[in-house]
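Below is one structure, written out as structure tokens; the observations come after it.
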Amino acid sequence: SQQHYLMTFGYLPQSDFEIGNLRTEEELINAIKEMQTFAGIPATGKIDEKTLKLMHTPRCGLPDVDKSFGGDRTRPKRYLLQGQRWPRTALTWTITNFTKDLAEEDVRNQLGRALSIWAKESKLTFTYIPTYAVKNAENEADIVVSFHKGYHEDGYPFDGEGAILAHAFFPGTGRGGDAHFDDEERWKGKRIDGTEGTMSLFAVAAHEFGHSLGLSHSSVDTALMYPWYRGFSDNTPLPTDDKYGIQQLYGRNEDSPDVDTLPTFRTRIPPSGVLTTTTTSTTAAPRVDTNDVGLPTLPPGRPDLCDTVYDAVAVIREELYVFRGPYFWRKGKQGIYSETPTEITRFWYGLPENTTHIDAIYERLDQRIVIFVGKQYWVFKDNSQEPGYPKSLTALWLPKDLERIDAAMVWGHNSKTYFFSGTMYWRYDEDAGHVELDYPRDMSTWQGIPYHIDAATQFTDGKTYFFKDKSYYEFDDLRFRAKNRGVPYLSAPFWLGCPTRAEMPKLQSVPQNLNEDDGDDWAVDNPGGRRYVAGGASLPRLLSSSWPHSAAVVVVVSIGLVTSTAAGFV
Ligand SMILES: [Ca+2]
Ligand SMILES: [Ca+2]
Ligand SMILES: [Zn+2]
Ligand SMILES: [Zn+2]
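According to our numbering, the sequence shown is numbered sequentially starting from 107.
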């Protein structure tokens, strides 16, 4: 059924089904919209023709999003380190169970070529261990390939010809890294029955091995890690999105040219449905050390995650982006991607190389991303600049003498775009392409929000936030004034998972030489119920953040709200 499909691929939570909850119409519509957005087809919220066609396209069995993530304390506490990547680059693989439909040497050959497209662009190497030499495959090879029909003892049954083609497990011991193929597909190649076959084993394997190496599904429809099958031929170079993904994890092959764009609108941390499986079947997780694969380190002088002013803040594809100087941090549903910030110009290709900072950024309702620097602005589709930019602020009908804007956001309360600068703000008409005529107005209209703000955004919790210095204000959209009587909160603990001042003494009492491979002894719960890890000399890190797991739904709902007295007034 449609609900089953949405659940299988992570768009509806499994738990509701298990405890027999009825789904609301709204929940279903939002799940459909989320899938349509991921697939890059119009987000109508209805099972229309395009959606039906998509749902009938054969695909990978792994979920696209992870709805089960949240405050679940029964989950192993190690998931942030577990399964992201192998702790080494020289990997081994073997095949334990061939399909009867293809010649064995053809299977080996197709799979070998699928691995080599990843090896070509990264530091990874793959050594084949012949099947006859393997006594206990799980202990002797990192990636174990096998063909199965229907149920095959891993909780992810296959389904006959078509629909689900294959699945793979993220890096780890035991089943980690293994790839399973549906033996009821008619795989192409040297078929014993002499027919053509319908599915490319090479193409599907290339995708599955992406999971074996630690990559999740990508919503970039040209990517190999896009979940729906579209074929992929040998002589096509690895798409940029996948190339960046693999190089982020393992560093690039010295022989391969540098990636020019860094388009990762993907969830980098694997869906936990499969991760949990590898976790429970193993006791010792691989120790992930950021230096063992020679990843580049950034020059000194980069901002301190827990002690900085923000230049701009935005929610893009439901993930949080925080900008400071030439860098930004990114936080997804499972937490912050890396405490080391990324260079802006290596992510949004087309900004001048010498960009020292940005002033403001927001995601338009059509998902284009708009970036402001000084008197100019750029528009991006994903990571690539749209032609015709930069343009001058005057193209938006902003005044000629305006030096910069402080912040930009789409206000969820009325889905209108707002620009803030100094003591003034404008409402922008996206359809007309200019600011509305009776603006600017005085910032004091936004009661309790100071002049000269640094940033503003509507977060995935549906609430509006303003930033100034190292603090933030939460805005009450209905009463139209700042909460907490206009007293700001410290930004770093709430937004980037840093400890609060009150929490620091407790964390400092944690022994410094904790053994991270020793179990849970390094997790610390503070009285506020938030959980930190502290290991060795690293910064204490928030594990279970305040990021709401149902956030995606909130955004869609609140954008739908158009009428209210406050909204009419601003
Ligand atoms: Ca199938
Ligand atoms: Ca700013
Ligand atoms: Zn997949
Ligand atoms: Zn399986």
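Quick reminder that beta carbons are idealized off the backbone N, C-alpha and C, glycines included.
I need the straight-line Cα distance from residue i to residue j, nearest angstrom please.
i: residue 115; j: residue 168; result: 6 Å
i: residue 485; j: residue 470; result: 10 Å
i: residue 628; j: residue 346; result: Caution applies to residue 628, whose pLDDT of 32 falls short of 50 and renders its modelled position unreliable; the value that the coordinates give is listed next. So the two alpha carbons sit approximately 38 Å from each other.
i: residue 315; j: residue 273; result: 9 Å
i: residue 117; j: residue 170; result: 8 Å
i: residue 153; j: residue 161; result: 9 Å
i: residue 557; j: residue 423; result: 29 Å
i: residue 495; j: residue 432; result: 20 Å
i: residue 291; j: residue 443; result: 37 Å
i: residue 185; j: residue 192; result: For residue 185, the predicted structure reports a pLDDT of 28, less than 50, and the residue's modelled location is therefore unreliable. A value from the coordinates is still provided. Whole-angstrom Cα-Cα distance: 14 Å.
i: residue 134; j: residue 300; result: 45 Å
i: residue 428; j: residue 408; result: 13 Å
i: residue 211; j: residue 287; result: 17 Å
i: residue 331; j: residue 510; result: 39 Å
i: residue 493; j: residue 456; result: 10 Å
i: residue 322; j: residue 498; result: 38 Å
i: residue 396; j: residue 217; result: Unreliable placement is indicated for residue 396, whose pLDDT of 34 sits below 50; the coordinate value is still reported in the next sentence. Their Cα atoms are separated by approximately 29 Å.
i: residue 295; j: residue 146; result: 31 Å
i: residue 566; j: residue 595; result: 18 Å
i: residue 446; j: residue 410; result: 9 Å
i: residue 587; j: residue 525; result: 18 Å
i: residue 465; j: residue 416; result: 10 Å
i: residue 571; j: residue 554; result: 12 Å
i: residue 159; j: residue 560; result: 45 Å
i: residue 351; j: residue 543; result: 45 Å
i: residue 248; j: residue 232; result: 9 Å
Does ligand 3 have even one heavy atom less than 7 Å from the beta-carbon of residue i?
i: residue 319; result: no
i: residue 499; result: no
i: residue 166; result: yes
i: residue 333; result: yes
i: residue 323; result: yes
Is any non-hydrogen atom of ligand 4 found closer than 7 Å to the C-beta of residue i, if you look at the structure I gave you?
i: residue 260; result: yes
i: residue 273; result: yes
i: residue 254; result: yes
Just to confirm the assignment, what range does the alpha helix (DSSP H) spanning residue i have?
i: residue 155; result: 155-161
i: residue 219; result: 210-226
i: residue 144; result: 131-145
i: residue 314; result: 307-318
i: residue 601; result: 597-602
i: residue 348; result: 346-356
i: residue 110; result: 108-114
i: residue 246; result: 243-246
Quick one, which of the options has its alpha-carbon nearest residue i's?
i: residue 536; options: 551, 520 and 528; result: 520
i: residue 271; options: 566, 443, 230 and 165; result: 165
i: residue 538; options: 547, 553, 522 and 527; result: 522
i: residue 585; options: 560, 198 and 552; result: 552
i: residue 49; options: 592, 582 and 246; result: Lying outside 107 to 676, the shown extent of the chain, residue 49 is not represented and no answer is given.
i: residue 203; options: 284, 233 and 529; result: 284
i: residue 289; options: 325, 206, 237 and 328; result: 206
i: residue 475; options: 568, 516 and 302; result: 516
i: residue 513; options: 534, 255 and 493; result: 534
i: residue 137; options: 159, 305, 198 and 111; result: 111
i: residue 221; options: 449, 311 and 528; result: 311
i: residue 412; options: 209, 487 and 575; result: 575
i: residue 280; options: 308, 265 and 243; result: 243
Tell me whether residue i, by its Cβ, gets closer than 7 Å to a heavy atom of ligand 1.
i: residue 288; result: yes
i: residue 269; result: yes
i: residue 718; result: A query on residue 718 cannot be resolved here, the shown segment of the chain reaching from 107 to 676 and no further.
i: residue 264; result: yes
i: residue 509; result: no
i: residue 131; result: no
i: residue 291; result: yes
Grab the span of the beta strand (DSSP E) containing residue i for me, first residue to last.
i: residue 425; result: 425-430
i: residue 254; result: 249-254
i: residue 440; result: Note, residue 440: premise wrong, no beta strand (DSSP E); not H, not E.
i: residue 200; result: 196-203
i: residue 581; result: 577-582
i: residue 292; result: That residue, residue 292, is in no beta strand (DSSP E); it is neither H nor E in DSSP.
i: residue 467; result: 466-469
i: residue 477; result: 475-479
i: residue 262; result: Run containing residue 262: none; DSSP gives neither H nor E here.
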